[in-house]
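Scroll down for the structure; my scribbles are underneath it.
Numbering (this note's numbering), first residue to last: 2 to 348.
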């Protein structure tokens with residue numbers, strides 16, 4: 002028994018000596034890392050997004066950046082290239098031209114993600130884009146882009162959103178300006194006077210049922226703006242910088258026109274169609290029984306929106322040194338240029 006024990010000790014000691022003799026560290030990692038072959042597109046993104054602005058753009062599906070509750074599909078490489086070029090021209094370069102590269106480096110989103118299909122939330126609403134804490138923006142529906150029929154609507158504020166070709170202003174450019182506005186207002190707060198303008202009138206639970214044309218009559222630029230004041234502020238900003246003068250006027254004019262639907266039971270007030278329901282608008286007086294179907298006007302909705310716009314304008318100038326009119330002119334020009342760009346060649 003003793004012999005066996007000693008033999009085991011000797012064996013263990015010999016192993017130990019062998020181990021010590023070969024104790025030099027091995028430089029090879031036990032974790033095998035795969036080297037990704039950079040494509041031409043990857044190199045273009047590094048040159049135009051990563052190196053100048055520290056922005057990472059994910060065009061391949063990344064489940065860590067996606068809400069797995071939804072079934073979505075990856076964006077095609079062709080449409081991803083086109084969208085990346087448009088983002089650079091319409092969004093990145095616009096803010097650099099208006100505000101300088103340092104401003105964009107300090108405040109831009111850090112991550113863009115492209116998804117090929119739409120995403121619907123539990124209320125049946127289609128998601129235009131999402132922003133995570135001012136860091137990541139996800140854009141959807143890229144696979145429905147028709148690169149042969151690029152369309153940017155700057156002049157028709159109430160064009161049907163489902164109409165083809167897709168309106169890049171509504172589905173993408175407006176979304177990026179909206180979400181970027183949230184980043185700015187999270188860093189520097191705007192005047193609380195904005196909150197008081199439409200206090201008590203927000204449709205926090207049913208804004209999805211508020212038609213854009215009807216929303217203007219109550220002082221909101223879109224139905225989505227009627228949800229709450231932070232979204233209201235961002236919607237005023239995003240819609241203004243992406244709308245021509247004609248489009249902005251046409252939008253506000255919807256807050257002026259009302260159709261007379263009749264008189265109330267006593268014949269004392271005019272009833273107008275408002276949010277789908279008759280609303281007593283003003284004293285009718287004598288002789289108004291025959292004006293059913295006529296138009297009357299009220300500037301209340303337009304006046305409210307203009308008051309909100311002035312707060313947005315002052316905030317951008319006073320807090321960030323941004324001339325809203327200058328930025329808007331740049332955005333509109335660059336957005337229009339997209340329709341004549343070569344979106345397939347990386348240059």
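Idealized CB from N, CA, C, for every residue including glycine.
Taking residue i as part of the alpha helix (DSSP H), name the residues at either end of that continuous run.
i, result
"residue 309", "301 to 321"
"residue 186", "175 to 188"
"residue 81", "78 to 87"
"residue 104", "102 to 108"
"residue 197", "194 to 198"
"residue 41", "41 to 46"
So, are the CB atoms of residue i and residue j less than 8 Å apart?
i, j, result
"residue 104", "residue 119", "no"
"residue 115", "residue 152", "no"
"residue 170", "residue 243", "yes"
"residue 322", "residue 256", "no"
"residue 182", "residue 241", "no"
"residue 76", "residue 117", "yes"
"residue 185", "residue 344", "no"
"residue 162", "residue 339", "no"
"residue 159", "residue 214", "yes"
"residue 253", "residue 211", "no"
"residue 57", "residue 112", "yes"
"residue 342", "residue 86", "yes"
"residue 1", "residue 192", "As shown, the chain starts at 2 and ends at 348. That puts residue 1 outside it, with no answer to give."
"residue 203", "residue 229", "yes"
"residue 234", "residue 136", "no"
"residue 144", "residue 49", "no"
"residue 247", "residue 304", "no"
"residue 347", "residue 52", "no"
"residue 109", "residue 190", "no"
"residue 106", "residue 195", "no"
So what's residue i in DSSP terms, helix, strand or just coil?
i, result
"residue 155", "coil"
"residue 57", "strand"
"residue 140", "strand"
"residue 207", "coil"
"residue 334", "helix"
"residue 217", "helix"
"residue 246", "helix"
"residue 24", "Low confidence applies here, because residue 24 scores a pLDDT of 48, under 50, leaving its location unreliable; read the following figure in that light. Correct three-state label for residue 24: coil."
"residue 339", "helix"
"residue 1", "The structure shown has nothing for residue 1, since the chain only spans 2 to 348."
"residue 147", "coil"
"residue 212", "coil"
"residue 32", "Confidence at residue 32 is low in this model, with a pLDDT of 36, below 50, so its placement is unreliable and the value that follows should be read with caution. Residue 32: coil per DSSP, three-state reduction."
"residue 233", "helix"
"residue 168", "strand"
"residue 227", "helix"
"residue 160", "coil"
So is the beta-carbon of residue i under 7 Å away from any non-hydrogen atom of the ligand PLP?
i, result
"residue 218", "This structure simply doesn't include the ligand PLP, nor any ligand for that matter."
Next item on the list: Decide if the segment 193 to 202 is in contact with the segment 160 to 178; the criterion is three or more beta carbon pairs, one per stretch, under 8 Å apart.
Entry: no
Margin query: Does the segment 93 to 107 come into contact with the segment 157 to 169, if we say contact requires no fewer than three beta-carbon pairs (one atom in each stretch) closer than 8 Å?
Written below: no
Checklist line | Stretch-stretch touch, CB-based, cutoff 8 Å, three pairs: the segment 204 to 224 with the segment 332 to 340 | finding: no
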